[in-house]
Structures are given as C-alpha cells and as structure tokens.
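Peer 1: I'd like to ask some things about the structure below.
There are 2 protein chains.
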Amino acid sequence: MIGIGLEVAVEMVGDLVGTTIGAITRLIREQDLMPGDRLPSEAVLAKELQVSRTVVREAFRSLAAMRIIELATGKRATISPIDHGAMSLIIEHGVHTDQINVQQIYDVRRTIETRIVALAALRRTDEEAEEILALAGAMRAAMADPAQLMENDLAFHAALARASRNPVFALIVGAFQGITTQTWPIGWRSRTTAEARELMIATHERIAEAVAAGDPEQASGAMSMHFDDSVLALISAGLS
Amino acid sequence: MIGIGLEVAVEMVGDLVGTTIGAITRLIREQDLMPGDRLPSEAVLAKELQVSRTVVREAFRSLAAMRIIELATGKRATISPIDHGAMSLIIEHGVHTDQINVQQIYDVRRTIETRIVALAALRRTDEEAEEILALAGAMRAAMADPAQLMENDLAFHAALARASRNPVFALIVGAFQGITTQTWPIGWRSRTTAEARELMIATHERIAEAVAAGDPEQASGAMSMHFDDSVLALISAGLS
DNA sequence: AACAAGAACCTGTCATACAGGATGATCGGA
DNA sequence: TCCGATCATCCTGTATGACAGGTTCTTGTT
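Residue numbers (my numbering), protein chains in the order written: chain A, 8 to 247; chain B, 8 to 247.
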C-alpha cells in the first residue's frame with residue numbers, strides 16, 4: 008500500500024453507522040449537552056441525517072456501550088455521567104485474550120494508587136477520611152467472609168480514588184475493578200496463614216490511618232507495601 | 008430507594024441486547040478465542056440464542072464500539088487486538104461534558120509517564136532506543152510545522168509507553184491521545200518565545216537520551232520537568 | 001389549581017428484502 | 001497432480017414496515 012498520511016477516524020466512507028456516531032457526538036459537543044440532557048428521538052435523527060432508524064439505533068447502541076449515552080425503553084436517550092463500565096470490559100477482554108496479564112495490571116495499579124493515596128492524604132475531606140477508616144474497619148470485620156471482604160476492599164480503593172479529587176484516577180481504578188473481582192479470590196486463597204491474612208488487613212488500616220492523618224509519604228509507603236504483598240501473593244499462586 | 012446490595016451487571020432482565028452481549032463475551036471466554044479468530048455469523052448466533060438478527064447486530068455493534076470485536080462487510084466478526092480507540096472517546100466525552108478538566112488529565116499523565124520512562128530506561132531494546140531518539144530528532148526538525156510536530160510528539164510518548172513493555176501503560180497513554188490532539192495546539196501557541204519552544208524540544212531530547220542511556224532517574228526527572236512545563240503552558244493559556 | 005384519563009410519542013424487538021462484498025467449491029487446463 | 005478461474009453460496013449493511021409496551025404531554029374535569 009502506498010503510504011497516504013491521511014487518517015480517517017471513526018467515520019469511514021461507506022460506513023453509515025460510523026458517520027452517524029460522528030454526527031451525534033458532534034451534536035453533543037455543539038449543543039453543549041450535559042449529563043442528563045436528552046437527545047432527539049431516533050425517528051427525528053433518522054430523518055435529519057437521512058438514514059434509516061436502523062442505522063441510528065446501531066449508532067445509539069455503540070455510544071451506549073461506551074457509556075456516552077444512556078438508553079431506556081420509552082424514554083429518549085440521555086447523556087451519561089462518566090462511568091468505568093466500558094473500560095472494565097475492555098480490560099477484561101485484554102486479559103482473557105492473553106494480551107494483558109494480571110501482573111501488568113498490578114504494576115499499573117501500584118503506580119497509580121501510590122499517587123492516589125498521596126493526593127488523598129492531602130485533599131480528603133473529613134467525611135472521606137471517616138469513610139475510608141470505616142471501610143478498613145469493615146474489612147477486618149469481614150475477615151471470615153471472603154465475598155464481603157472483597158467488596159469492602161474494592162470499595163476501599165474506590166473511596167481513596169474519589170478522595171484524590173481527580174475523576175480520571177477514579178475512572179482508571181474503576182476500570183480495573185472488573186478483572187480484579189475475578190483475580191482477587193486467587194490472591195486471598197494463596198494467603199494460607201493467619202499471619203498473611205492479618206498483614207493484608209493491617210496494611211489497609213495503615214493506609215487509612217495515614218490518609219486520615221494527612222501524611223502522604225506514609226500513605227504512599229503503605230500502599231506500595233500493600234502491592235508488594237499482593238503481587239507476591241499472586242505470584243505464589245502461579246498467576247503469570 | 009431501599010438499599011439492595013445486589014448489582015446486575017451488563018445483563019438486565021428484559022434487555023435482550025444486554026443478555027446477548029453477555030452470551031457473546033461468554034462464548035469468547037469459553038472457546039478461548041484469540042485476536043483474529045472469527046465469531047459465528049449473525050444468523051447462526053440469532054438462531055442459537057433464539058433472538059432476531061436485529062438483536063445480534065446491536066450486540067455486535069456494542070462490542071465493536073468497545074473494540075472487543077471487529078466488523079467488516081461480508082466478513083464474519085473477528086476478535087480484536089486491544090486498542091485505545093474506545094477509551095479515547097470516553098475520555099473526550101468526559102472533557103466535553105465538563106466532568107473532567109485538562110489539568111486533571113495532565114496530572115494523571117504525569118504520574119503514569121514518569122513511571123513509564125523509568126521502566127523504558129530499564130527495558131527498552133536498542134531498536135526502541137533508536138526509535139525514541141529519532142522521534143525526538145524529528146520533533147526538532149518539525150519545529151516550524153506545528154501539525155507535524157504534534158504528530159511526532161504523540162508518537163514519541165506512544166513509543167515510550169511501548170518500550171515500558173506493559174501494554175496497559177500503552178493503553179492508557181493512548182486513551183489520552185484523542186483529547187490531547189485537541190488541546191496540544193493551545194499549549195504550543197501559548198509558548199510564544201523561541202526560548203520556550205526550544206525548551207520543550209530540548210526536554211524531549213533529554214528524556215530520549217536518558218532512556219537510551221538506561222538511566223531511569225534521569226528519565227523520570229526530565230519527564231517530570233516536561234509536565235511542569237506543559238501544565239504551566241496550559242494554565243497560562245487560560246485552560247482550566 | 002390539582003388531578004386523572006387519554007392521546008401522542010418513543011423505544012425494543014421482529015420479519016423481510018435486497019445490494020454488494022467475501023469465501024469456498026468445483027471444474028478445466030497445463 | 002497441481003494450479004487457477006468461475007460461480008454459487010454465505011455474509012454483512014441498510015431500509016421498511018409492524019406492533020407491544022413504556023413514557024410524556026395535553027386536555028378536560030373536578
């Protein structure tokens with residue numbers, strides 16, 4: 008193929024659905040639509056863009072898959088608040104097709120979450136500090152119930168991300184949630200001794216306390232230790 | 008609403024398309040399909056899942072939007088290699104709806120990319136080192152041509168991400184590419200003096216040299232400086 | 001002014017149709 | 001036997017029409 012520098016983005020000629028997706032996102036941009044705002048009905052868009060309702064529907068489905076809009080029976084499509092659902096599925100797909108391994112995800116999480124706790128220590132509100140401490144406490148209380156423990160663990164990391172006051176951090180942490188629910192039990196089961204399990208809980212408590220105390224170095228250090236421990240647990244379980 | 012802890016994931020009852028998406032992803036998982044492998048035809052899936060072809064098509068479109076599968080006229084749907092296209096659109100949507108601001112994206116990029124260059128310095132192959140140096144050189148050569156300069160800049164950061172040998176890092180860097188193409192010119196125009204522009208190029212060269220020399224601290228430091236400079240440029244341009 | 005009933009609108013799903021691209025089987029020739 | 005061209009077949013992209021059920025707005029009543 009002769010190298011032509013031109014790149015056609017989402018809208019390839021001949022792909023009506025792609026073109027329509029482009030038209031709709033342009034509409035959102037130009038009309039400055041905000042989350043909750045309603046889009047025109049499928050019929051109106053179809054007439055306006057000179058395509059069949061089929062095409063508009065497939066474009067809507069595409070945007071809904073990326074959580075850019077929300078669909079519901081009878082109602083008109085609305086603009087979505089940002090949500091990590093789609094990213095979660097993308098990551099899961101990468102892992103299930105062996106394009107990403109769990110270790111690599113943990114490396115990225117470590118990078119991001121050590122930064123998150125440092126920011127959280129500096130920026131958290133008192134309510135957030137309380138919530139984070141409470142979740143660490145809930146983890147200890149749920150030590151005998153892995154499912155509950157995992158849920159609290161995920162909520163703990165999500166709360167930290169929110170306290171960092173940067174929605175992009177929260178989005179990325181959320182993106183790893185899907186695959187984490189699938190690998191977390193492996194890590195937990197590989198911690199066979201009471202000491203190993205106690206250590207994991209205690210580390211979370213240390214993180215929570217450092218964030219509550221407003222100490223970014225301590226928080227980062229504890230989070231880093233948490234990841235050392237977790238990666239080790241996964242490796243010892245034989246996870247590539 | 009009474010707090011029910013149960014969360015229904017993608018597949019809500021009554022939503023045939025959602026159910027079908029679930030069935031297809033399960034199929035991918037259970038049959039261990041790899042990128043390039045072909046899925047059953049729409050007609051076959053429709054019959055097997057007892058739904059109309061319409062529903063299968065909308066499910067396919069959803070998966071294609073997330074770049075989990077690839078569609079093409081006449082051909083059967085195939086499994087996709089991981090790709091940041093969908094994430095790019097999600098981020099752009101977040102920015103355009105004021106749910107994310109550019110500063111927050113740069114904070115995340117700084118966190119990630121300072122780590123990326125450290126890893127790249129340790130792991131890059133000689134070919135990658137050459138490529139990275141070449142791209143820095145190309146940036147200097149294109150100083151008079153902003154469009155070309157930007158393209159080289161993006162390619163530079165992408166090459167570093169690849170050299171980190173962690174596809175998740177590459178994925179995240181790619182996710183910011185879409186919005187970056189929209190904000191980059193603002194930052195460049197705000198560098199009004201020849202010195203400011205020279206500094207930006209020189210910083211990229213320092214990063215490239217540190218990575219080529221295998222010096223992670225130097226590389227991280229230079230990257231951090233690059234982001235200090237970039238954030239300042241954007242702020243001085245009035246970008247929230 | 002509050003409210004309730006009904007009309008009008010909208011989405012979810014299905015069936016059918018057809019143009020044009022892709023693929024594989026078949027058959028003739030070397 | 002092997003290669004290559006041809007063509008039937010399969011497959012996707014798009015359009016149209018239909019209908020069930022959910023939502024919203026209007027209108028008329030109290």
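Just so it is clear, CB atoms sit at the ideal spot from N, CA and C, and this is done for glycine as well.
Does the CB of H164 of chain B have a neighbour CB from chain A at under 7 Å?
Peer 2: Not an interface residue.
Peer 1: Does Q111 of chain B pass the burial test, meaning 16 or more other C-beta atoms within 10 Å, or should it be called exposed?
Peer 2: Result: buried.
Peer 1: DSSP beta-bridge partners for T85 of chain B?
Peer 2: Bridge partners of T85 of chain B: B:R45 and B:E77.
Peer 1: Less than 7 Å between the C-beta atoms of R68 of chain B and S48 of chain A, yes or no?
Peer 2: No, the pair does not count as a contact, with Cβ atoms beyond the cut-off.
Peer 1: Any C-beta of chain B sitting closer than 7 Å to the C-beta of N173 of chain A?
Peer 2: Chain B contact via Cβ: present.
Peer 1: Please return the same chain residues whose Cβ sits closer than 6 Å to the Cβ of V24 of chain A, not counting the five positions on each side in sequence.
Peer 2: Contacts found: V62, E65 and A66.
Peer 1: Under 7 Å between C-beta atoms, does R45 of chain A make it to chain B?
Peer 2: Not one chain B Cβ lies under 7 Å of R45 of chain A.
Peer 1: Per DSSP, what kind of secondary structure is Q57 of chain A in: helix, strand or coil?
Peer 2: Q57 of chain A: coil per DSSP, three-state reduction.
Peer 1: Are D90 of chain A and R74 of chain A touching if we call contact CB-CB under 7 Å?
Peer 2: Taking 7 Å as the Cβ cut-off, D90 of chain A and R74 of chain A qualify as a contacting pair.
Peer 1: Kindly indicate which residue of B:A182, B:P223, B:L156 and B:V175 has the alpha-carbon position closest to the one of R204 of chain B.
Peer 2: Among B:A182, B:P223, B:L156 and B:V175, the Cα nearest to that of R204 of chain B belongs to B:L156.
Peer 1: Quick one: grab the DSSP three-state call for Q106 of chain B.
Peer 2: Here Q106 of chain B sits in coil by DSSP.
Peer 1: For the alpha helix (DSSP H) that contains S231 of chain B, what are its first and last residues?
Peer 2: From DSSP, the alpha helix (DSSP H) with S231 of chain B extends over P223 to S243.
Peer 1: Smallest Cα separation from A93 of chain A: which of A:A182, A:E202, A:A244 and A:S237?
Peer 2: Out of A:A182, A:E202, A:A244 and A:S237, A:A182 has the C-alpha closest to the C-alpha of A93 of chain A.
Peer 1: Compute the Euclidean distance between the alpha carbons of E134 of chain A and R169 of chain A, then round it to the nearest angstrom.
Peer 2: Rounded to the nearest angstrom, the two C-alpha atoms are 12 Å apart.
Peer 1: Rounded to the nearest angstrom, how far is the Cβ of I119 of chain A from that of V180 of chain A, given a contact under 8 Å?
Peer 2: That pair is a contact at about 7 Å.
Peer 1: From the DSSP output, in three-state form, read off F183 of chain A for me.
Peer 2: Reduced to three states, the DSSP call for F183 of chain A is coil.
Peer 1: Using a Cβ-Cβ cutoff of less than 7 Å, which residues in the same chain neighbour M232 of chain A once the five nearest sequence positions on both sides are dropped?
Peer 2: Cβ neighbours of M232 of chain A beyond the five flanking positions: T210.
Peer 1: Between which two residues does the alpha helix (DSSP H) holding H91 of chain A run?
Peer 2: Where H91 of chain A is concerned, there is no enclosing alpha helix (DSSP H), given that its DSSP letter is neither H nor E.
Peer 1: Using a Cβ-Cβ cut-off of less than 9 Å, list which residues of the stretch 25-43 of chain A approach chain B; keep chain order.
Peer 2: Of all residues in the stretch 25-43 of chain A, I28, T32, I35, R36, D39, L40, M41 and P42 have a Cβ within less than 9 Å of some Cβ in chain B.
Peer 1: Could you give the C-beta distance for G43 of chain A and I86 of chain A, rounded to a whole number, given that I count them as a contact under 8 Å?
Peer 2: Contact holds; Cβ gap of about 6 Å.
Peer 1: Can you confirm whether T118 of chain B, when its beta carbon is compared against all beta carbons of chain A, has any partner nearer than 7 Å?
Peer 2: Closer than 7 Å to some Cβ of chain A, the Cβ of T118 of chain B qualifies, so yes.
Peer 1: How big is the Cα-Cα spacing for L55 of chain A and G81 of chain B?
Peer 2: It is Glu, not Leu, that sits at residue 55 of chain A in the sequence shown. If you take the alpha carbons of E55 of chain A and G81 of chain B, they lie about 28 Å apart.
Peer 1: With a CB to CB cut of under 7 Å and the five nearest residues on each side skipped, what residues in its chain are close to E216 of chain A?
Peer 2: If we look at E216 of chain A and ignore the five residues flanking it on each side, it has no Cβ neighbours.
Peer 1: What does the alpha-carbon distance come out to for the pair M173 of chain A and A128 of chain A?
Peer 2: The identity of residue 173 of chain A in the sequence shown is Asn, whereas the question assumes Met. Between N173 of chain A and A128 of chain A, the C-alpha separation is close to 13 Å.
Peer 1: Taking the straight line between their C-alpha atoms, what separation do you get for I214 of chain B and E138 of chain A?
Peer 2: Roughly 41 Å separates the two Cα atoms.
Peer 1: Can you pull the chain A neighbours of E224 of chain B, defined as C-beta to C-beta under 8 Å?
Peer 2: Within chain A, no residue comes near E224 of chain B; the closest Cβ sits about 16 Å away, beyond 8 Å.
Peer 1: Taking the alpha carbon of P153 of chain B as the point to measure from, which residue in B:W191, B:T104, B:H103 and B:A136 has its own alpha carbon closest?
Peer 2: Among B:W191, B:T104, B:H103 and B:A136, the Cα nearest to that of P153 of chain B belongs to B:W191.
Peer 1: Just the Cα atoms here: how many angstroms apart are H164 of chain B and V51 of chain A?
Peer 2: Using only the alpha carbons, I get a separation of about 42 Å.
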